[in-house]
Structure formats: structure tokens, C-alpha cells
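Trainee:
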């Protein structure tokens, strides 16, 4: 193929694509709808959110309940499964089985892919893991001129040592470990008592990030570092720690995307920082899709680098469905292009200019609904995947099947992706499903709107479960269910 | 407490409906056994496939055909690879009577009758006739091919468990693709076994060896005509005592070393203590005696008062009910 020089070329290239492309993950949530853009695209998932109705979603029929430890673990299980291997081989052209994309993968995944003839469309796991390190993120940011919240990086062996190294930060501190879900590895320390609650975890680390505690809002922005420059998506708000959505304090539970998220100044700064960070990542050898969390200081309006996720994320479902994605191409297509063998030369500056315009950003929001009670039961009923409507009386009703959020046409409609279904165990922290709708779900004070609450209650009301009588069964249910205590699939 | 087992003979040249019905009949029991230590303890399909491709690549076509007949599922395919199956142990005595022109491989299979398939399969999966007593649906406990190779396995009496295949699939591989003892010995020296086994083989030319294979050391392949349930010295005393492996070995050695021993005398010995064992309570009783004449393509399966006489030229499909219990 000739060199790609326009967005039209990119679209045509992927529409005509013959080489199989796979997204292998627990569900297809992160890349909903990408199959519309890419020929021969298939999802290979552990959970069938579509009850077999979605042609481009492949889920092995024969599965054993396992106590998976991580998403990598699920992906490795899938890739070593006979039905999956038969499926991939049936679509391969000789030794070339196609391209594989993941939310998470490790060195073992890479080895399996090599054996199966799949090319991984991401930088190597070892590099991703290094980039994922929060302490490394600070260093890359500093180099690129992207500031983090005032902080020090140090090994901490006692409360006194913590105070000594952080003297200039004041006494209201936030301590983070290098890896891990921010909801679980971020510690707020304002006193010796706070310190002892987390001393063991902090002292076990070779180095921790110690920050000044600021009054901030979380935000997320996705981007893709390509050889022609870094393409930057819109700044999104984050829904964090709502008790009606998640049992995890500080846990992510959704996003909003709308043109007026934060001030123009903040948006511009976040875009600029993201571009610079993307260029810095390329210097480190990383390329492709990534997400940055920015902490917006509500007192000073400063924008601080929070966290880097070198991958597609839970926010990708919004980034890839908004108006700009459809007027040009979804951000993930830039990622596939960067990892294809096709030569391209695109004017990224022009694209970024267009995407930063408020008209490019239509309003979308999503809620990740988890089971928030400590109870465990066996689901007997669950709302189906598709479009649901919210009536005047705030009751919800199933309207029709769809696989795409766009099918929800107005704010009284929402696309629901069912994760937990009949026959699954419902336990604290289990992902029930994801609701994507047009418009906002929080008000300007970052509180859930009445509409959001009605949707959450409506969806919860569609679930029914059968209590477990036997404590042994309950114990097994909790340890064997995906996400049982160890990790979250989303 | 009396147990019964129905032996049946099946003749099916290429994998088809008969093998499939065998699978359907036995699969629930094998599935439970395969999952006994948990699904996660068994290797993934990809590892099983890779192991087969690396060590016994010629078997892959048959393996694929059987997986397809078994429904194409993941778990059945992993089980059928016999790669890293759950550990299992048996008894068994086996001996070669190497008389010029008419070598005989005879053996007793000592195991819980309820765990024995009782199927004698006559197949032509890879261009040659193979008659074998099956285990794990296509593995071989003992058997013979048209080229004149006869094989038999006995547990090696050691607790070592490691990376490798269940011995029955290795025996299947030998019968499908080897013509002679030297060829088979070369295979036994390289294919890894997950537990210790003693494999005794003989061929139409009268050659014989016993291969002591194990996951933790190199195979020892020597020109020894008898094997019971230990490898060189006794390592697992409780098993050795319960199975009386030394007594049986001495008995067999005396018999085959004596030039006056006839086929009839050897087979009579297999039908009487100490070789014939009635220890059904502990799962170490004799389930059948097999006798293979690889030079003439004849085989006998024998029980007190009953015999199945079969050959490549004569293999009627039939069933035979056997009762086991203290006499």
C-alpha cells in the first residue's frame, strides 16, 4: 500500500483490512464499536456480555470457574484455550495469525502470542511495566516539563523518616507506592496514627512517592504517541468513590466527557502537557495508546500530573465514541496504525487543533456499577445488554438490542453493557454492568445528578439473586469469582 | 465384595463412531479423575499441544481426529494429550520368553477393576494394524503391531512426578510408529514420562529390552526380559511390600532363565500366586493376563476359566464379563 497521508486513507486502509485483529480481554467494554472501523476485527472475551448475539465477540463455550489473579491471567487462560486457538488458527494466513491487542498482558502472554503467530500491537510488557511505575511517571514528567503535585521520592522506614524527607510539603501528606490501583495503594497521612495504619505497606517499598495533599479533582485524558506526533483526546472528568456505585473508597467508577469540562485554561494546559508527555514517552521507547490522570487543584487552578496508564483504559469507551472520533477516526485507530507495517505521514497538529475545538466534543458519560453490599448471592436475573429508556416516573425499560453506545439517542436513553449475568455470583465489588449515556451525570459540584441516581437504581432493580444457604459455597463463590478480593476487571 | 468388569473387543480402522461411543461412555469418569486436583493443576491446551508436537509429532493427526470426535472441547483435548495427567499408580508383572522364532510377551495387569476400561482396540490409524488394551481412551497398557513389536507397561514403584506424558500414550506412539525394539528403545530414551514406569518390549526378531523411565533421571534401557514394580533398588517400601514386587520379579526371573520353561508353564505361572494376585481390596489384584506372540500376530487375554484368542487375521467383536473377588 502507498504511504498514508490523509484521514480518508486511514479509514479506507482499516475498512479494507484483511489481517485479523483481536482485542483479547475479560469483556469488550474498552473497545466497544471499534469493529465498525476495522475489517476482520474480533473480540475474544471471557464474559459474553451479549448472550451470543454479537458476531464479532468470541467467547469459548467450555470454561472452568477459576480464581483468576489478574486480567493478564484471564488473557493467558484464553490464549491457551483450545477453542480460542482453533478460532485464531482457522482465520490465520499460514504462520501469520494476525494482530493482538490487550488491556493487560505480561511476558507469558507475549510468549504465547509468538507461538500462535500473533503480533502484539503494544510495546513490550517489560517496557509497559516500567512506564506504569508511578515513580518513573514523575521522573518522565519532570523531564518533559509536566509538573507533578509537589512531592519527594524516598525510601521510608519510619514515621520520623517520613516527616524528615517531606518537611517542605507540610504535614498533610499523600503517599503512593510505585504500582497498583490508586484506590488501593494511595495512603492519606496527616498524623502518626494514620501512618501506622499503612506503615507495613509503605516500609515494604524500595521507594514511595510522598505528595502534599491538595484539594483537587481527578481528570482523565487519552492520547496516542505516533511517529508523526502525539494525538490528544479531550479532558474528561472522573467519577470517584460514589458509594452507590463502588465499595472502594477512592475507586474509579465512571467518566464524563463534555466540551466544558473544567476551564478553557485547564483544558489547554492538560492538552499541552499530554502532548509533551507523549513526546517524552516516545523518547523512552514507548509508543501508542496511553492515558494520563491529571489532578486539578481547585484552589489554585494548577494542573498536576497524577498517573500514567500506558494502555487503553476504562475511559477508552468514551474517547472512541465521541463526535471527533467519528468525524475523523477513533483514537485507537491511530494506535493500530502506529503498530501496522504501513508507512504514514499525517498532520497531527491539524488533528489536535480540530479535536480541541468545543464542537468536536459532544457530551457522553458512563457509570461502572458494582455490587456494593457485603452480601453474596447467585444471580437469577440481570438486565440485558442494549438500549434502555428512563421514563418520566424514573423507571427504566428495555428498548432494543444494540452493541453500540451510539444507539442511545438522547438523555432519556442509555446503552447498558451487562457484565454479571444469571448464574454468576454477586459479591462485594463484582462488576454488574456499565451504563453509557449522552449528557452529564454529575453537577458542577461533582455530585451525581438525579438522572444518574435514577439510572443506577433502575439498573440495580433489574438484578435479582438467590441467597446462598451454605457458607462453604459462599466461600468458594467469593474466591472463585472473577475479581474475588484480588483485583477488579475494570 | 465382588466386582465385575466387562471386557469388549472393538475393531475400527480409522477413528469414527465406535471410538466416539467409547469416549462418550467413559468421559464422565475420566473428567472427574482429570479434575480431581483442580482444573488449574492440569496444563493448558497450548502446553499439551506443544508437548505432543515436540516429542511425538507423528501422533498429531490422530490426536486431532480424536479431539474432534470428542467434541472439540478444551478439557477433553487436554486429557487426551496425556501430558501431565494426575499421578496414578498400578502394580503389574511382565516377562518376555525369548524362544527362537516365537518370542512371547506375557503380563499380568494389577489394578482396581472399576478403573479399567476393559477395551481391546484393533485399529489402523497410521497405516498399520495395532491391537492393544486401552487406557485413557487411546493410550496403551499393553499391545502389539503388525510389524511385530509388542509392548507392556508396569508402574516403576517410585514417587517421583515430573514433566512428561502418561506412559500409555508413549506406548501408543511406539505401536503406531516403531517396527522394532531398537527403534522403540530410541523413542523411550527421549520422550519424557511424568512418572516412573518399566516398559518391557519384544519384537518378531526375538529382541527384547526393559526400559526404566522416570521424570527425574535418564532412562535405563537394558536387555532384561522381566519387570515388576521397582526400578533397580527399592525406594518406596510400602508399595513394594504391598505389591510384593521383589517376590514376583524373582519368580519371573527364575522362570525365564530356566531353558525348560515352556510357554504353557510361563502362562500357568501368571495364573497362580505370587504372580496372580487377589488383592482386589487394595486395588492391586490381577485384572487380566495378556500374552502377545508378535512373530505370528496372535494375542490371548486370559482369566481363570476364560480366554479370548485374537489375531490380526481373526478379531471378532465380542464382550466378556469377568468377576473378581476373594476365592
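Protein chains in written order, with full-length UniProt numbering: chain A, 1 to 490; chain B, 1 to 327.
Glycine included, every Cβ here is placed at the ideal spot set by N, Cα and C.
A quick note: this is a predicted structure, and the numbers were derived from the prediction, not measured.
Decide if residue 260 of chain A is buried, meaning its Cβ has at least 16 other Cβ atoms within 10 Å, or exposed.
Mentor: exposed
Trainee: From the DSSP output, in three-state form, read off residue 311 of chain A for me.
Mentor: Coil at residue 311 of chain A, not helix or strand.
Trainee: Among B:201, B:288, B:121, B:83, which one has its Cα closest to the Cα of residue 318 of chain B?
Mentor: B:121
Trainee: Let me know the secondary structure DSSP gives residue 128 of chain B once reduced to three states.
Mentor: coil
Trainee: State yes or no: is the beta carbon of residue 482 of chain A nearer than 7 angstroms to at least one beta carbon in chain B?
Mentor: Because residue 482 of chain A sits at a pLDDT of 49, beneath the cut-off of 50, its placement in the model cannot be relied upon, and the following sentence gives the value as read from the coordinates. Residue 482 of chain A does not count as touching chain B.
Trainee: Grouping DSSP H, G and I as helix and E and B as strand, with all else coil, what is residue 94 of chain B?
Mentor: Here DSSP, grouped into helix, strand and coil, assigns residue 94 of chain B to strand.
Trainee: With a threshold of 7 angstroms on Cβ separation, who are the neighbours of residue 11 of chain A within its own chain once the five nearest residues in sequence on each side are excluded?
Mentor: 329
Trainee: Tell me which residue opens and which closes the beta strand (DSSP E) that residue 253 of chain A is part of.
Mentor: 252–257
Trainee: Can residue 324 of chain A and residue 360 of chain A be called in contact, C-beta distance under 7 angstroms?
Mentor: yes
Trainee: To which residues does DSSP link residue 227 of chain B through a beta bridge?
Mentor: As DSSP reads the structure, residue 227 of chain B sits in a beta bridge with B:94.
Trainee: Could you work out which residue in B:5, B:31, B:111 is closest to residue 280 of chain B when comparing CA atoms only?
Mentor: B:111
Trainee: Along the beta strand (DSSP E) that carries residue 212 of chain A, what are the first and last residues, could you check?
Mentor: According to the DSSP assignment, residue 212 of chain A belongs to the beta strand (DSSP E) that extends over 208–212.
Trainee: Would residue 229 of chain A and residue 348 of chain A be called neighbours here (beta carbons separated by less than 7 angstroms)?
Mentor: Between residue 229 of chain A and residue 348 of chain A, the CB-CB gap stays under 7 angstroms.
Trainee: Anything in the segment 75–95 of chain A with a Cβ closer than 9 angstroms to a Cβ of chain B? List those residues in chain order, please.
Mentor: 76, 77, 79, 80, 81, 82, 83, 84, 85, 86
Trainee: Which class does residue 394 of chain A belong to by DSSP, given the choice of helix, strand or coil?
Mentor: coil
Trainee: If contact means a Cβ-Cβ distance below 9 angstroms, which residues of the segment 48–78 of chain A contact chain B?
Mentor: Cβ contacts with chain B come from 60, 61, 62, 63, 64, 65, 66, 67, 76, 77.
Trainee: So the candidates are A:176, A:213, A:82, A:106; which of them puts its Cα closest to the Cα of residue 169 of chain A?
Mentor: A:213
Trainee: Compare the beta carbon distance of residue 235 of chain A and residue 221 of chain A with 7 angstroms and say whether it is the shorter of the two.
Mentor: yes
Trainee: Please confirm whether residue 97 of chain A and residue 339 of chain A have their CB atoms less than 7 angstroms apart.
Mentor: no
Trainee: Throw me the rounded Cβ distance for the residue 149 of chain B and residue 174 of chain B pair, which I believe falls under 8 angstroms.
Mentor: Yes, residue 149 of chain B and residue 174 of chain B are in contact; Cβ-Cβ is about 7 angstroms, under 8 angstroms.
Trainee: As a quick exercise: from A:195, A:313, A:453, pick the residue whose alpha carbon is nearest that of residue 501 of chain A.
Mentor: Absent from the model: residue 501 of chain A. The displayed extent of chain A is 1 to 490, so no value can be given.
Trainee: Give, in chain order, every unbroken run of the alpha helix (DSSP H) that is at least 4 residues long and sits entirely within the segment 158–207 of chain B.
Mentor: 167–177, 181–190
Trainee: As a quick exercise: from B:193, B:144, B:15, pick the residue whose alpha carbon is nearest that of residue 86 of chain B.
Mentor: B:193
Trainee: Give the interface partners of residue 37 of chain B over in chain A, defined as CB-CB distance under 8 angstroms, in chain order.
Mentor: Neighbours of residue 37 of chain B on chain A: none; closest Cβ ~13 angstroms, over 8 angstroms.
Trainee: Determine the extent of the beta strand (DSSP E) in which residue 43 of chain A is found, giving its start and end residues.
Mentor: 41–45
Trainee: Excluding sequence positions up to five away, which residues of its chain have a Cβ less than 6 angstroms from the Cβ of residue 5 of chain A?
Mentor: 345
Trainee: Which chain A residues are close to residue 40 of chain B, counting only those with a beta carbon under 7 angstroms from its beta carbon?
Mentor: 66
Trainee: On a Cα-Cα basis, can you pick out the residue from A:462, A:424, A:165 that is closest to residue 397 of chain A?
Mentor: A:462
Trainee: Check distances from the C-beta atoms of the segment 70–88 of chain B to those of chain A and list, in chain order, the residues that come in under 8 angstroms.
Mentor: Against chain A - using a Cβ distance shorter than 8 angstroms - the residues of the segment 70–88 of chain B are 72, 73, 74, 75, 77, 78.
Trainee: Excluding five sequence neighbours on each side, which residues of the same chain lie with their C-beta closer than 6 angstroms to the C-beta of residue 424 of chain A?
Mentor: 379
Trainee: Exposed or buried, which one is residue 482 of chain A when buried takes at least 16 other CB atoms within 10 Å?
Mentor: With a pLDDT of 49 at residue 482 of chain A, under the threshold of 50, the predicted position of this residue should be treated as unreliable, though the coordinate-derived value follows. Buried, because 16 or more other Cβ atoms sit within 10 Å of the Cβ of residue 482 of chain A.
Trainee: Grouping DSSP H, G and I as helix and E and B as strand, with all else coil, what is residue 239 of chain B?
Mentor: Of the three classes helix, strand and coil, the one that applies to residue 239 of chain B here is helix, per DSSP.
Trainee: List the residues that DSSP assigns as beta-bridge partners of residue 108 of chain B.
Mentor: B:93, B:289
Trainee: Have a look at B:287, B:295, B:229 and flag the residue whose alpha-carbon is nearest the alpha-carbon of residue 320 of chain B.
Mentor: With distances taken between Cα atoms, residue 320 of chain B lies closest to B:287.
Trainee: Provide the residue(s) that pair with residue 214 of chain B in DSSP beta bridges, ordered along the chain.
Mentor: B:217.
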